[in-house]
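Peer 1: Have a look at this one before I ask anything.
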Amino acid sequence: MKKSKLTLLAAALPLLLNSAYAENKEVEVLHWWTSGGEAKALNVLKEDLESQGISWKDMPVAGGGGSDAMTVLRSRVQAGNPATAVQMLGFDIQDWAAEGALANLNDLAKAENWDAVIPAALQSFSKYEGNWVAAPVNVHSTNWVWASKKVMDEVGITEVPKNWDEFVTALDKVKAAGKTALAHGGQPWQDATIFDGVVLTTGGPEFYQKAMIDLDKEALTSDTMKTAFDRMRQLRGYVDDNFSGRDWNLASAMVIKEEAAFQIMGDWAKGEFIAAEKVPGEDFLCFRVPGTEGMVTFNSDQFAMFKVGEDSAAAQAAMAKSVESPVFQSAFNVVKGSAPARTDVPNDAFDDCGKKAMADLAAASEAGTLLGSMAHGHAAPAGIKNALYDVVTNHFNSDMSSDDAVKQLAEAIQGAM
Amino acid sequence: MSNNSTFSRTWWQNILPKIVLAPSFAISLLFVYGFIIYSGIISFSSSRMLPKTDFIGISNYTKLWKTLNWQVALDNLAIFGILYIVICGTLGLFIAILLDQKIRIEGFLRPLFLYPMALSFIVTGTAWKWFLNPGLGLEKLAHDWGFENFKFDWLINSDMAIYTIVIAAVWQSSGFVMAMFLAGLRGIDSEQLKAAQLDGASSFQLYRRIIIPQLGPVFLSAFVVLSHLAIKSYDLVIALTGGGPGRSTQLPATFMYDYTFTRNQMGVGAASAMIMLLTIAAIMIPYLYAETREKKQ
Amino acid sequence: MSIASNNNPSVSSQRFWRVLIYTTLIVMAVFYLLPLFIMLLTSVKTLDEIRDGNLLTLPVQWTLEPWKKAWGTACVGLTCEGINGYFWNSIKMVVPSVAISTILGAINGYILTKWRFPGHRWVFALMLFGCFIPFQIVLLPMSQVLGFLGIAGSTAGLVLVHVTYGIGFSTLFFRNYYEAFPTELVNAAKIDGAGFFRIFWRILLPSSAPIIVVTVIWQFTNIWNDFLFGASFAAGEHAPMTVALNNLVNSTTGVKEYNVDMAAAIIAAAPTLLVYIVAGRYFVRGLMAGSVKG
Numbered sequence: 254m255k256k257s258k259l260t261l262l263a264a265a266l267p268l269l270l271n272s273a274y275a276e277n278k279e280v281e282v283l284h285w286w287t288s289g290g291e292a293k294a295l296n297v298l299k300e301d302l303e304s305q306g307i308s309w310k311d312m313p314v315a316g317g318g319g320s321d322a323m324t325v326l327r328s329r330v331q332a333g334n335p336a337t338a339v340q341m342l343g344f345d346i347q348d349w350a351a352e353g354a355l356a357n358l359n360d361l362a363k364a365e366n367w368d369a370v371i372p373a374a375l376q377s378f379s380k381y382e383g384n385w386v387a388a389p390v391n392v393h394s395t396n397w398v399w400a401s402k403k404v405m406d407e408v409g410i411t412e413v414p415k416n417w418d419e420f421v422t423a424l425d426k427v428k429a430a431g432k433t434a435l436a437h438g439g440q441p442w443q444d445a446t447i448f449d450g451v452v453l454t455t456g457g458p459e460f461y462q463k464a465m466i467d468l469d470k471e472a473l474t475s476d477t478m479k480t481a482f483d484r485m486r487q488l489r490g491y492v493d494d495n496f497s498g499r500d501w502n503l504a505s506a507m508v509i510k511e512e513a514a515f516q517i518m519g520d521w522a523k524g525e526f527i528a529a530e531k532v533p534g535e536d537f538l539c540f541r542v543p544g545t546e547g548m549v550t551f552n553s554d555q556f557a558m559f560k561v562g563e564d565s566a567a568a569q570a571a572m573a574k575s576v577e578s579p580v581f582q583s584a585f586n587v588v589k590g591s592a593p594a595r596t597d598v599p600n601d602a603f604d605d606c607g608k609k610a611m612a613d614l615a616a617a618s619e620a621g622t623l624l625g626s627m628a629h630g631h632a633a634p635a636g637i638k639n640a641l642y643d644v645v646t647n648h649f650n651s652d653m654s655s656d657d658a659v660k661q662l663a664e665a666i667q668g669a670m
Numbered sequence: 683m684s685n686n687s688t689f690s691r692t693w694w695q696n697i698l699p700k701i702v703l704a705p706s707f708a709i710s711l712l713f714v715y716g717f718i719i720y721s722g723i724i725s726f727s728s729s730r731m732l733p734k735t736d737f738i739g740i741s742n743y744t745k746l747w748k749t750l751n752w753q754v755a756l757d758n759l760a761i762f763g764i765l766y767i768v769i770c771g772t773l774g775l776f777i778a779i780l781l782d783q784k785i786r787i788e789g790f791l792r793p794l795f796l797y798p799m800a801l802s803f804i805v806t807g808t809a810w811k812w813f814l815n816p817g818l819g820l821e822k823l824a825h826d827w828g829f830e831n832f833k834f835d836w837l838i839n840s841d842m843a844i845y846t847i848v849i850a851a852v853w854q855s856s857g858f859v860m861a862m863f864l865a866g867l868r869g870i871d872s873e874q875l876k877a878a879q880l881d882g883a884s885s886f887q888l889y890r891r892i893i894i895p896q897l898g899p900v901f902l903s904a905f906v907v908l909s910h911l912a913i914k915s916y917d918l919v920i921a922l923t924g925g926g927p928g929r930s931t932q933l934p935a936t937f938m939y940d941y942t943f944t945r946n947q948m949g950v951g952a953a954s955a956m957i958m959l960l961t962i963a964a965i966m967i968p969y970l971y972a973e974t975r976e977k978k979q
Numbered sequence: 031m032s033i034a035s036n037n038n039p040s041v042s043s044q045r046f047w048r049v050l051i052y053t054t055l056i057v058m059a060v061f062y063l064l065p066l067f068i069m070l071l072t073s074v075k076t077l078d079e080i081r082d083g084n085l086l087t088l089p090v091q092w093t094l095e096p097w098k099k100a101w102g103t104a105c106v107g108l109t110c111e112g113i114n115g116y117f118w119n120s121i122k123m124v125v126p127s128v129a130i131s132t133i134l135g136a137i138n139g140y141i142l143t144k145w146r147f148p149g150h151r152w153v154f155a156l157m158l159f160g161c162f163i164p165f166q167i168v169l170l171p172m173s174q175v176l177g178f179l180g181i182a183g184s185t186a187g188l189v190l191v192h193v194t195y196g197i198g199f200s201t202l203f204f205r206n207y208y209e210a211f212p213t214e215l216v217n218a219a220k221i222d223g224a225g226f227f228r229i230f231w232r233i234l235l236p237s238s239a240p241i242i243v244v245t246v247i248w249q250f251t252n253i254w255n256d257f258l259f260g261a262s263f264a265a266g267e268h269a270p271m272t273v274a275l276n277n278l279v280n281s282t283t284g285v286k287e288y289n290v291d292m293a294a295a296i297i298a299a300a301p302t303l304l305v306y307i308v309a310g311r312y313f314v315r316g317l318m319a320g321s322v323k324g
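Protein chains in written order, with the numbering used here: chain A, 254 to 670; chain B, 683 to 979; chain C, 31 to 324.
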């Protein structure tokens with residue numbers, strides 16, 4: 254067939270010549286980045302593509318930390334009509350790749366030398382059976398604390414807490430002063446995000462690896478795990494009365510508005526601070542969950558590229574290329590609050606927190622303390638992740654004892670495997 | 683000749699209705715029963731993320747019954763279903779009886795009770811969430827008005843949150859039940875009432891002895907409509923509590939969605955769907971039987 | 031019927047009861063109205079007033095900005111054009127869905143009562159059961175079918191879905207209504223040589239107004255308010271109102287703009303509210319006319 258050869262050629266052309274020629278100059282992007290900072294960051298990509306003549310068909314599906322978007326995706330894939338690119342996390346990418354639904358990006362990756370510039374920990378999610386299937390956008394880490402400088406000054410916290418006990422002392426001071434010590438939203442994934450940090454500070458990186466990634470039964474039922482749950486209970490005492498169901502960005506807003514002192518949240522929270530025109534170091538502070546300095550629990554937003562028709566492949570490749578371009582990596586992550594997915598991106602444009610994030614990432618990668626976040630699907634597949642959510646959130650929202658929690662955790666994870 | 687054409691005409695008139703009905707019926711067969719069978723097959727398969735059609739026996743069902751969330755969902759459905767049906771029914775009947783007392787402003791009042799049915803919970807969920815939130819809504823209002831000790835924190839209390847769902851659900855559907863009862867009341871034969879009134883029966887007696895017993899079919903219809911709404915309740919939970927605090931307001935419909943679409947345990951999700959279907963069938967089949975049998979021409 | 035005119039009560043005790051009934055009704059109506067009232071009130075307040083006041087404080091400074099923003103400039107995902115486009119999407123979806131499912135329901139009800147054939151009960155029962163299945167289970171197979179038909183992600187696909195799951199109820203309504211319609215009239219017409227469609231058109235349809243109103247209200251409300259199908263089958267540019275509303279409400283710039291959210295919510299609900307207010311009085315009448323009574 255003459256025509257199909259032509260389209261093939263058309264699809265290959267932009268890769269070779271870097272021209273923007275394509276039959277279908279449109280990418281359809283399914284994502285759940287609808288919050289202010291996130292949408293702003295994604296706009297950077299949209300504008301970049303538009304400058305290449307590729308139009309952006311936006312498909313936002315908000316809610317549920319992306320779970321609604323995943324339902325939409327399933328329905329699109331079943332209909333044989335997947336979006337060009339889908340925002341996706343960790344094991345979900347591997348699962349979709351296993352279903353044979355993802356495109357192969359090897360040619361582009363080779364031409365762009367992705368193997369050399371993207372950290373191995375990310376590659377293990379972006380590649381399936383050795384083939385590139387997704388373009389990583391960023392590296393978030395979840396073991397951060399965001400603090401209001403002003404509230405800390407007011408209640409007399411002069412130094413950043415270095416370990417758990419100092420953190421508790423600081424929280425007590427805030428509470429005594431009548432402010433909310435810990436800004437938090439009671440949604441399962443947020444409870445689990447805190448849990449990431451608590452497990453890491455309680456047991457250290459080896460324990461985290463054993464319990465959360467290897468799902469070792471002994472580690473899961475150990476006394477260390479019980480202590481972790483005890484500490485969750487401790488934190489529960491520092492949230493305000495209205496935390497149930499609150500969205501994370503509203504919790505961040507409490508710190509921004511100086512109503513609360515701390516929030517334990519991934520570094521996407523920084524995007525909200527920046528959007529509110531707050532300056533790191535002056536208005537707010539960022540530090541690792543006390544006791545986890547030098548360790549990073551990460552999750553990486555990636556654009557999984559779905560198998561689309563040949564006519565759209567060129568636009569898809571152009572999008573993947575743009576995602577990995579150092580210019581976009583810098584521009585996007587400056588706004589989003591994350592670290593670039595490439596290691597060779599200059600840190601000039603980043604603020605103090607961003608620079609620290611990039612340095613921490615490099616150091617942790619070196620030291621082997623770069624660990625996948627359980628709360629964000631980078632430690633275990635969805636079934637197990639949600640089983641853990643169940644226990645953590647039930648424990649946090651009731652008066653369940655740590656003994657029971659540990660027992661349930663082991664059972665739940667067993668049941669989901 | 684004419685005989686022949688009459689015959690073909692009659693034949694055509696006999697077959698035409700069936701032809702006209704056929705597409706609707708075919709659509710039902712495929713999109714309802716076809717899909718139920720499809721779910722049934724999935725529930726015996728090892729499907730996780732996308733549907734598969736292998737056969738692994740009943741292990742999804744055994745897994746389901748061992749899942750704590752499913753037990754919670756069933757318990758919640760029992761609490762929610764019973765309270766919802768009873769309160770909606772009682773309240774609906776009560777308002778209907780009041781409205782039936784030759785109320786001059788009935789035309790104005792009726793839509794006020796009916797309108798919640800017109801709104802999606804995506805819309806009202808936000809308002810309700812706000813209203814029930816202790817720091818923003820009713821509790822704060824009471825505090826502002828000087829009732830410092832007033833406490834209403836059901837929304838964030840794992841043990842009580844399910845009752846906030848009952849409140850919102852009753853608010854939404856009781857107006858509809860009211861309309862059904864009102865229609866029923868208006869349809870009652872007035873001769874019989876007049877006779878009873880002449881015999882000196884009081885209003886209360888009239889309702890208890892004559893009117894309410896005659897509303898039997900309405901009770902049945904209301905029960906069926908409410909119970910299927912209860913079993914299908916989904917938006918309500920998502921909008922109000924998201925299944926929380928913890929997992930304390932999980933219902934079977936949210937469980938099913940959760941396991942099928944977000945936990946990649948499609949087999950277990952399908953198994954829970956089959957259980958839900960069987961429950962609905964257990965309620966519906968006697969009703970359908972009565973509905974189609976009773977009225978002989 | 032009414033039994034207000036009781037025998038032998040003294041005038042004053044009767045007045046007491048009347049006052050009590052009115053008071054009860056009005057108090058209850060106020061409670062039912064409260065959520066809508068709060069939404070309305072919030073939508074005309076500025077954000078500062080929302081933060082400082084409580085739910086029921088009247089705005090000091092009335093503002094229509096939130097309404098304008100919700101309609102024309104609020105951000106849904108990356109596009110900041112408000113929700114008006116999605117409003118039309120919903121209209122495009124709801125009008126054909128309601129029309130088709132009502133017409134089919136009317137004809138089905140007519141056949142199932144006036145042109146009965148052996149097994150008609152079975153056919154009806156099987157169709158009716160379709161109303162009661164939990165819709166989550168049909169999402170995946172349905173998308174496969176829509177993809178096969180080439181109408182996935184389009185308004186046409188969504189219309190098909192809504193018609194499919196709407197005909198059960200519309201058939202129920204019309205069947206029960208026509209059940210009470212005198213069959214002798216139909217039979218007489220048959221003897222006079224009137225055909226299938228002619229009888230329907232000339233004899234049944236003209237007297238069907240009450241049940242058409244009930245069916246239209248029911249279908250319109252359900253289809254307009256649907257979120258599950260809309261999100262699964264038409265996310266993106268064809269998304270209906272409810273999906274856009276959900277995105278809007280979840281789309282915040284750190285500060286949650288409650289007033290814009292509420293204005294958008296009321297805009298999203300306006301058509302159904304209007305239908306209930308305009309046609310509400312026929313609703314009870316229509317229910318009375320047969321769909322409720324067994």
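The beta carbon of each residue, even a glycine, is placed where N, CA and C say it ideally should be.
My output table needs one value for F496(A): the three-state DSSP class, helix, strand or coil.
Peer 2: As a working note, residue 496(A) is residue 243 in the first sequence. Of the three classes helix, strand and coil, the one that applies to F496(A) here is coil, per DSSP.
Peer 1: When the Cα atoms are used, what is the spatial distance from F259(C) to L179(C)?
Peer 2: Mapped onto the third sequence, residue 259(C) falls at position 229. Mapped onto the third sequence, residue 179(C) falls at position 149. Going by the C-alpha atoms only, they are around 17 Å apart.
Peer 1: Going by Cα to Cα distance, which pick from T622(A), N647(A) and A513(A) is closest to I466(A)?
Peer 2: Start at 1 with the first residue of the first sequence, and residue 466(A) comes out as number 213. If we check each option's Cα against that of I466(A), T622(A) comes out closest.
Peer 1: Look up G439(A) in the DSSP assignment and say whether it is helix, strand or coil.
Peer 2: Taking the first residue of the first sequence as 1, we reach residue 439(A) at position 186. DSSP places G439(A) in strand when its eight states are reduced to three.
Peer 1: So, at 6 Å on beta carbons, what are the nonlocal neighbours of K99(C) in its own chain, with the 5 sequence-adjacent residues on each side left out?
Peer 2: Walking along the third sequence from the start, residue 99(C) turns up at place 69. Only residues of its own chain outside the window of five on either side were considered, and among them V290 have a CB closer than 6 Å to the CB of K99(C), listed in chain order.
Peer 1: So which of T422(A), A373(A) and W417(A) has the shortest CA-CA distance to V408(A)?
Peer 2: Here residue 408(A) refers to the residue found at position 155 of the first sequence. Answer by Cα proximity: T422(A).
Peer 1: Which of the three DSSP states is assigned to F896(B) in this structure?
Peer 2: Your numbering for residue 896(B) matches position 214 in the second sequence. Correcting the residue type first, residue 896(B) is Gln in the shown sequence and not Phe. Here Q896(B) sits in helix by DSSP.
Peer 1: Between K363(A), E365(A) and R327(A), which lies nearest to L355(A) when the distance is taken from Cα to Cα?
Peer 2: The residue given as residue 355(A) occupies position 102 in the first sequence. If we check each option's Cα against that of L355(A), R327(A) comes out closest.
Peer 1: Interface residues of chain B around R329(A) at Cβ under 8 Å?
Peer 2: Translated into the one-based positions of the first sequence, residue 329(A) becomes position 76. Within 8 Å Cβ-Cβ: nothing; R329(A) doesn't reach chain B, min ~12 Å.
Peer 1: Within 8 Å of any Cβ in chain C, is that where the Cβ of L503(A) sits?
Peer 2: Locating residue 503(A) in the first sequence gives position 250, where the first residue counts as 1. Yes, L503(A) counts as interfacial toward chain C.
Peer 1: Taking Cβ positions, are M799(B) and G857(B) nearer each other than 8 Å?
Peer 2: Start at 1 with the first residue of the second sequence, and residue 799(B) comes out as number 117. Start at 1 with the first residue of the second sequence, and residue 857(B) comes out as number 175. The answer is yes: Cβ separation under 8 Å.
Peer 1: CA-CA distance, Y306(C) and A299(C)?
Peer 2: Position 276 of the third sequence, counted from the start, is the residue given in the question as residue 306(C). Position 269 of the third sequence, counted from the start, is the residue given in the question as residue 299(C). Rounded to the nearest angstrom, the two C-alpha atoms are 11 Å apart.
Peer 1: Could one say the Cβ of L823(B) lies closer than 8 Å to chain A's Cβ atoms, at least one of them?
Peer 2: The residue labelled residue 823(B) in the question sits at position 141 within the second sequence. So, not an interface residue.
Peer 1: For C1006(B), report the span of its alpha helix (DSSP H) as first-last.
Peer 2: Because chain B spans 683 through 979 in this model, residue 1006(B) falls outside it and cannot be assessed.
Peer 1: So which residues of chain A does D835(B) contact, with C-beta pairs closer than 8 Å?
Peer 2: Position 153 of the second sequence, counting from 1, holds the residue named residue 835(B). D494, listed in chain order.
Peer 1: With hydrogens ignored, establish whether the beta-carbon of Q887(B) is closer than 7 Å to any heavy atom of the ligand GTP.
Peer 2: This structure lacks the ligand GTP, and indeed carries no ligand of any kind.
Peer 1: Cβ atoms of G763(B) and S840(B): under 8 Å apart, would you say?
Peer 2: Taking the second sequence and counting its residues from 1, the one referred to as residue 840(B) is at position 158. Taking the second sequence and counting its residues from 1, the one referred to as residue 763(B) is at position 81. No, Cβ-Cβ distance for S840(B) and G763(B) is not below 8 Å.
Peer 1: Is T245(C) near F203(C), with beta carbons less than 8 Å apart?
Peer 2: Residue mapping note: residue 245(C) aligns to position 215 of the third sequence, counting from 1. Residue mapping note: residue 203(C) aligns to position 173 of the third sequence, counting from 1. Their beta carbons are under 8 Å apart, which means T245(C) touches F203(C) by this criterion.
Peer 1: Looking at chain B, is there any beta carbon in it that lies within less than 8 Å of the beta carbon of Q249(C)?
Peer 2: Here residue 249(C) refers to the residue found at position 219 when the third sequence is read from its first residue. It does not: the Cβ of Q249(C) has no partner Cβ on chain B nearer than 8 Å.
Peer 1: Starting from G924(B), find everything on chain A with Cβ-Cβ shorter than 7 Å and list it in chain order.
Peer 2: Indexing the second sequence from 1 puts residue 924(B) at position 242. Simply Q440 and G498.
Peer 1: Given D604(A), which residues of its chain have a CB within under 6 Å of its CB, disregarding the five upstream and five downstream residues?
Peer 2: Locating residue 604(A) in the first sequence gives position 351, where the first residue counts as 1. Within the same chain, D604(A) has close Cβ partners P533.
Peer 1: Just the C-alpha distance for T411(A) and T103(C), rounded to the nearest angstrom, thanks.
Peer 2: If you number the first sequence from 1, residue 411(A) lands on position 158. If you number the third sequence from 1, residue 103(C) lands on position 73. T411(A) and T103(C): Cα-Cα distance of roughly 44 Å.
Peer 1: Measure the C-alpha to C-alpha separation of L902(B) and A155(C) and round it to an integer number of angstroms.
Peer 2: For this step, residue 902(B) is matched to residue 220 along the second sequence. For this step, residue 155(C) is matched to residue 125 along the third sequence. Computed Cα separation, rounded: 16 Å.
Peer 1: So what does DSSP say about F515(A), is it helix, strand or coil?
Peer 2: Position 262 of the first sequence, counted from the first residue, corresponds to residue 515(A). Reduced to three states, the DSSP call for F515(A) is strand.
Peer 1: Please look up how many angstroms separate the CB atoms of F496(A) and V645(A), rounded, as I've assumed it's under 8 Å.
Peer 2: Locating residue 496(A) in the first sequence gives position 243, counting from the first residue. Locating residue 645(A) in the first sequence gives position 392, counting from the first residue. At roughly 15 Å, the Cβ-Cβ gap does not stay under 8 Å, so F496(A) and V645(A) are not in contact.
Peer 1: In this structure, does DSSP put M292(C) in helix, strand or coil?
Peer 2: Numbered from 1 along the third sequence, position 262 holds the residue referred to as residue 292(C). If DSSP states are grouped into helix, strand and coil, M292(C) belongs with the helices.
Peer 1: For K299(A), go through chain E and note every residue whose CB falls closer than 8 Å to its CB, in chain order.
Peer 2: Note that chain E does not occur in the displayed structure, where the protein chains are A, B and C.
Peer 1: For M611(A) and chain C, any beta-carbon pair shorter than 8 Å?
Peer 2: For this step, residue 611(A) is matched to residue 358 along the first sequence. M611(A) does not count as touching chain C.
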